[in-house]
Amino acid sequence: AQRVTQPEKLLSVFKGAPVELKCNYSYSGSPELFWYVQYSRQRLQLLLRHISRESIKGFTADLNKGETSFHLKKPFAQEEDSAMYYCALSPSSGNTPLVFGKGTRLSVIA
Amino acid sequence: KAGVTQTPRYLIKTRGQQVTLSCSPISGHRSVSWYQQTPGQGLQFLFEYFSETQRNKGNFPGRFSGRQFSNSRSEMNVSTLELGDSALYLCASSLATGLAPEAFFGQGTRLTVV
């Protein structure tokens, strides 16, 4: 069965400090991996996906198949990064549902 | 283009009642998925519909059901409500084609069972 684990429920960092939100997954094949973000009073939205290999709002995430991880990183946290972050996995493209981790709440302290 | 729309935004029901939630996907999206979001469990997958057919189903009891209409709009029904059904119910639509398609979420329906 597919599983996504986000070990930290809450992560607090100071503005300007580096951020790393951890995500580990369990899946025997080649997954599609995503990070979704939910800002206060906004809907859940896609932040980035590993297949795009892009940086969004300064965030990057690298898929490490050996460690089955997809950690989200940003070198310098900003106050507007405070939000709930969810790591998600899709076992294959197009026709299977997303499996979400339980989320990590990031709080950036000024 | 308009985003995913869920109605109603808030509901209060009593135990034993039944409830129907509605989701209008983004125009052109044929896949609609439903999730239950709670503080303790995060987002849990309920079911997915594609072209009016249930394509995937999560591990929820049969009291939870859904359907999709020819215009891709979807409804979710919960019968014999229990206190534990109180949650935010999210709907997401996607093109469901290509590699790693993005899921677009609605703002959710917050259901409170008393």
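Just so you know, the sequences run in chain order A and B. Taking our numbering, the leading residue of the first sequence gets 2, the next gets one more, and so forth. Taking our numbering, the leading residue of the second sequence gets 6, the next gets one more, and so forth. From the three backbone atoms N, C-alpha and C, an ideal C-beta is built for every residue, glycine too. It should be emphasised that the depicted structure is a prediction, and the values quoted were computed from it without experimental measurement.
- Under a 10 Å Cβ-count criterion, R50(A) is classified as buried, with 16 or more other Cβ atoms of the shown protein chains found around its own Cβ.
- Under the 8 Å Cβ criterion, the region 67-77 of chain B does not count as touching the region 4-14 of chain A, having fewer than three qualifying pairs.
- Per the DSSP secondary-structure output, N25(A) pairs in a beta bridge with T6(A), S70(A).
- By the criterion of at least three beta-carbon pairs nearer than 8 Å, the region 14-32 of chain A is in contact with the region 99-111 of chain A.
- Listed in chain order, the non-local C-beta contacts of T61(A) below 7 Å within the same chain comprise K74, local neighbours out to five positions each way being set aside.
- Annotation: T85(B) is outside any beta strand (DSSP E) and is labelled neither H nor E by DSSP.
- If you draw a straight line from the Cα of P32(A) to the Cα of N65(A), it comes to about 11 Å.
- Taking the C-beta atoms as reference points, D82(A) is found no nearer than 9 Å to H72(A).
- Using a 10 angstroms sphere on the CB of L88(B), the tally of other CB atoms stays under 16, which defines it as exposed.
- Looking only at F52(B), T117(B), Q11(B), L95(B), the smallest Cα-Cα distance to Q39(A) is reached by L95(B).
- Under the Cβ criterion of 9 Å, L12(A) is not counted among the residues facing chain B.
- Cβ-Cβ distances below 6 Å link S29(B) to T10, R78 in the same chain, with the five nearest sequence neighbours on each side left out; the list follows chain order.
- For T97(A), the C-beta contacts it makes with chain B under 7 Å involve N61, in order along the chain.
- Neighbours of R44(A) in chain B, taken as residues at a C-beta separation under 7 Å, are given in chain order as F110, G111, Q112.
- DSSP, reduced to helix, strand and coil, places I31(B) outside both helices and strands of the structure shown, so it counts as coil.
- For K103(A), the nearest CB of chain B lies under 9 Å from its own CB, placing it at the interface with that chain.
- Judged by DSSP in its simplified three-state form, E53(B) adopts strand.
- Contact annotation, L48(B) with Y40(B): C-beta distance approximately 5 Å; criterion of less than 8 Å satisfied.
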